[in-house]
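Protein chains in written order, with my numbering: chain A, 835 to 1035; chain B, 66 to 360.
Even for Gly, the Cβ is constructed at its ideal location relative to N, Cα and C.
Report on the structure given below.
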Amino acid sequence: MEKLVACQTCGLVQEVDDIPKDSVIKCARCHFQIFHRRVDSRVRTLAFSIAALILYIPANLYPIVTAEYQGQHIQTTIFQGISSLFTLHQYFIGSLMFCTSILTPGLKIIGLIFITLTLDWPHWKKARTWIFKIIRIVDPWNMLEVFLLAICVSMVELGEIATIHPGRGVFSFAAVVVLTLLATLSFDSRLLWDSPAERKL
Amino acid sequence: MNEKSSALPKAHVGKSYFSWLLWLIPIAAALLCAWFVAQDIIFAGPTVTIYFENADGLQEHNSLVKYRGVKVGEVGTLKLSKDRQRVAVKVQLDASAANIARQGSVFWIVRPEVKLGALSGLQTIVSGNYIAVEPGNDARTNQFIGAEKAPIKEVKALDILLLAPKLGSLQPQSPVFYRDIQVGEVLDCRLSDDAREVVIHARIREEYAPLVRMNSKFWNAGGINIHIGLFSGANISAESAQTLISGGIEFATPPDFQTAATNGAVFSLNEKSDDDWEKWSPAIPLTSVPEAMTN
């Protein structure tokens, strides 16, 4: 079965024969990799999502920073930081932090795993599409992670007064951010409406 | 149609490698988690519970446990005990300090203290209170009763008891002088069992212990002595600036001195000295003790 595929790099439309297993196709003109559907999209999304899910646990359980200030040493997890924002009556920033740092990454990971695992299932096609739509809508808001970095930077700037060590939490959290990013990137949304037979190709 | 498609170029087919490498990512994530957990298990010492009557100044997950000024653990949670008489302080000891969790270890809270003539725990004003520990050597245990104050260190020294009708300005840490040189200090003061006298527990440093003989005389050197004579004018004297505020004890040993005092020897504390006591100057050889041996 032959298909027409446009190279995403140079735009050349070309014919693609049946691809043997474990092989890639390259553009006839620019030799960049081309694909009909993203290569290994499903497996990649699943692998990245599972890795993110695993690291989501230490990201939330371990402290993100250890601050030593006047001999006291204070460890703060993400959740403690958010609840202290609430006790300071910073409800808006508190909720924003909760949504962008805890809620959306978690939902995103679970949503992607759900979609990739149930992809072959004929039912819930609509639900999968909706979930993916929501993930797409929510995704830019995860850029608010930058806020977290801003906080870290301001704490490091306090270095004269306090000693700040990044905790295990912040490394795990950074990994979760990168992995969820890769997971959504590697997911080919066209798989949502491909029939199982087409997907095999 | 056929013409058109044959005009299109054909894509190359190449081999793809290492798609299985992808699964190394979740495996690495899992290994990282396992490493975190293993670190917590392997590098964490035992958790002990210390019961204090008052945990004032300790902060949950914040205060430290120190031994010889070095952190050996962290305070976890503070909870009221079931009978509401004590505070249960959970302490996570470091692995290197696991040996502290033994019977006989004494834990106490170091707080800033300002007493006349003595300041202690000043650093805690800035750093917050912490728990200090003096390790014991007996069987392992995880439950301790916290001490109210630092234990009196077992050092090589001469401990004597002085009986006085009243305490005057003496207090713990008041100095003990011999020829105006401090040779010891008061450890604590209490009423005698029948409440007729005050018992003062004094400690003479080891190197000066031979100065105390069974017939030595002790007197209260605190405060100011004011003599106003017709011809000599006013004569105001004090042993030292410290005795002015905190009081002190002076002693002298007669030339015909007896055997050296032993631990727990009891003397009476006179209110002031006789003139001839201060003139006594017996030659007593002092054994010099190397610095390292004194503690």
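Would you mind sorting residue i into buried or exposed? The rule is 16 or more other CB atoms within 10 Å of its CB.
i: asparagine 280/B; result: exposed
i: leucine 1035/A; result: Residue confidence is low: leucine 1035/A scores 49 on pLDDT, short of 50, so the model does not pin down where it sits. Its coordinate-derived value is still stated next. Exposed, by the Cβ-count rule.
i: valine 847/A; result: exposed
i: threonine 1018/A; result: buried
i: valine 140/B; result: buried
i: threonine 359/B; result: Caution applies to threonine 359/B, whose pLDDT of 43 falls short of 50 and renders its modelled position unreliable; the value that the coordinates give is listed next. Classification of threonine 359/B: exposed, given that the 10 Å Cβ count is below 16.
i: cysteine 861/A; result: buried
i: leucine 89/B; result: exposed
i: alanine 260/B; result: exposed
i: phenylalanine 108/B; result: exposed
i: proline 355/B; result: With a pLDDT of 49 at proline 355/B, under the threshold of 50, the modelled position of that residue is not reliable, and the figure given next carries that caveat. Proline 355/B is exposed by the Cβ-count criterion.
i: alanine 881/A; result: buried
i: serine 70/B; result: Per-residue confidence for serine 70/B stands at a pLDDT of 48, beneath the threshold of 50, marking its modelled position as unreliable; the derived number appears in the next sentence. By the neighbour-count rule (16 or more Cβ atoms within 10 Å), serine 70/B is not buried but exposed.
i: valine 850/A; result: buried
i: arginine 878/A; result: buried
i: alanine 274/B; result: buried
i: serine 935/A; result: buried
i: phenylalanine 209/B; result: buried
Looking at the secondary structure, which residues open and close the alpha helix (DSSP H) in which residue i lies?
i: asparagine 1087/A; result: Residue 1087/A is absent from the structure shown; chain A starts at 835 and stops at 1035.
i: threonine 1018/A; result: 1002–1020
i: lysine 960/A; result: 959–972
i: glutamine 157/B; result: Glutamine 157/B -> not in any alpha helix (DSSP H); beta strand (DSSP E) instead, spanning 152–159.
i: proline 91/B; result: 89–107
i: threonine 950/A; result: 938–952
Can you tell me the Cα-Cα spacing of residue i and residue j, whole angstroms?
i: isoleucine 314/B; j: leucine 276/B; result: 14 angstroms
i: isoleucine 1046/A; j: tyrosine 896/A; result: The structure shown does not extend to residue 1046/A, since chain A is modelled only from 835 to 1035, so the question has no answer here.
i: asparagine 202/B; j: serine 161/B; result: 16 angstroms
i: isoleucine 898/A; j: alanine 1008/A; result: 10 angstroms
i: proline 319/B; j: proline 347/B; result: 6 angstroms
i: phenylalanine 1005/A; j: lysine 967/A; result: 29 angstroms
i: aspartate 954/A; j: lysine 960/A; result: 13 angstroms
i: histidine 957/A; j: serine 875/A; result: 21 angstroms
i: alanine 886/A; j: leucine 941/A; result: 11 angstroms
i: valine 102/B; j: alanine 95/B; result: 11 angstroms
i: glycine 329/B; j: arginine 268/B; result: 10 angstroms
i: proline 854/A; j: serine 918/A; result: 57 angstroms
i: asparagine 67/B; j: lysine 837/A; result: In this predicted model, asparagine 67/B has a pLDDT of only 47, less than 50, meaning its place in the structure is not dependable; the value taken from the coordinates is given anyway. Using only the alpha carbons, I get a separation of about 13 angstroms.
i: leucine 252/B; j: glutamine 104/B; result: 45 angstroms
i: isoleucine 969/A; j: glycine 945/A; result: 8 angstroms
i: cysteine 933/A; j: alanine 840/A; result: 39 angstroms
i: serine 998/A; j: glutamate 199/B; result: What sits at residue 998/A in the sequence shown is isoleucine, not serine. Cα-Cα distance, rounded: 31 angstroms.
i: valine 130/B; j: valine 873/A; result: 56 angstroms
i: glutamine 842/A; j: serine 1023/A; result: 16 angstroms
i: lysine 344/B; j: leucine 232/B; result: 26 angstroms
i: asparagine 164/B; j: alanine 286/B; result: 45 angstroms
i: alanine 204/B; j: valine 171/B; result: 14 angstroms
i: glutamine 995/A; j: alanine 901/A; result: Residue identity check: residue 995/A is isoleucine in the sequence provided, not glutamine. About 10 angstroms.
Name the DSSP bridge partner or partners of residue i?
i: alanine 325/B; result: Arg278/B
i: histidine 266/B; result: Leu226/B, Asp253/B
i: histidine 865/A; result: Looking at the DSSP assignment, histidine 865/A forms no beta bridge with any residue, so it has no partner.
i: glutamine 909/A; result: Thr900/A
i: threonine 112/B; result: Gln157/B
i: glycine 79/B; result: Val858/A
i: leucine 838/A; result: Glu849/A
i: tyrosine 243/B; result: Ile246/B
i: arginine 205/B; result: Arg167/B
Quick check on the DSSP output: the beta strand (DSSP E) that includes residue i runs from which residue to which?
i: phenylalanine 332/B; result: 330–335
i: isoleucine 314/B; result: 314–317
i: isoleucine 196/B; result: 195–199
i: glycine 138/B; result: 135–145
i: glycine 845/A; result: Taken as a continuous stretch (DSSP letters only), glycine 845/A belongs to no beta strand (DSSP E), as it is neither H nor E.
i: isoleucine 210/B; result: 208–210
Would you identify the three-state DSSP class for residue i, choosing helix, strand or coil?
i: phenylalanine 926/A; result: helix
i: leucine 129/B; result: strand
i: lysine 860/A; result: strand
i: arginine 10/B; result: Residue 10/B falls outside the range modelled here, since chain B spans only 66 to 360, and no answer is possible.
i: threonine 921/A; result: helix
i: alanine 120/B; result: coil
i: tryptophan 284/B; result: strand
i: lysine 69/B; result: With a pLDDT of 48 at lysine 69/B, under the threshold of 50, the modelled position of that residue is not reliable, and no figure is offered here.
i: tryptophan 173/B; result: strand
i: threonine 801/A; result: Residue 801/A lies beyond the residue range present for chain A, which begins at 835 and ends at 1035; the question has no answer from this structure.
i: glutamate 213/B; result: coil
i: isoleucine 349/B; result: coil
i: leucine 232/B; result: coil
i: alanine 162/B; result: helix
i: tryptophan 975/A; result: helix
i: threonine 359/B; result: Only weak support is given to the placement of threonine 359/B: the predicted model assigns it a pLDDT of 43, under 50, and the question is left unresolved by the model.
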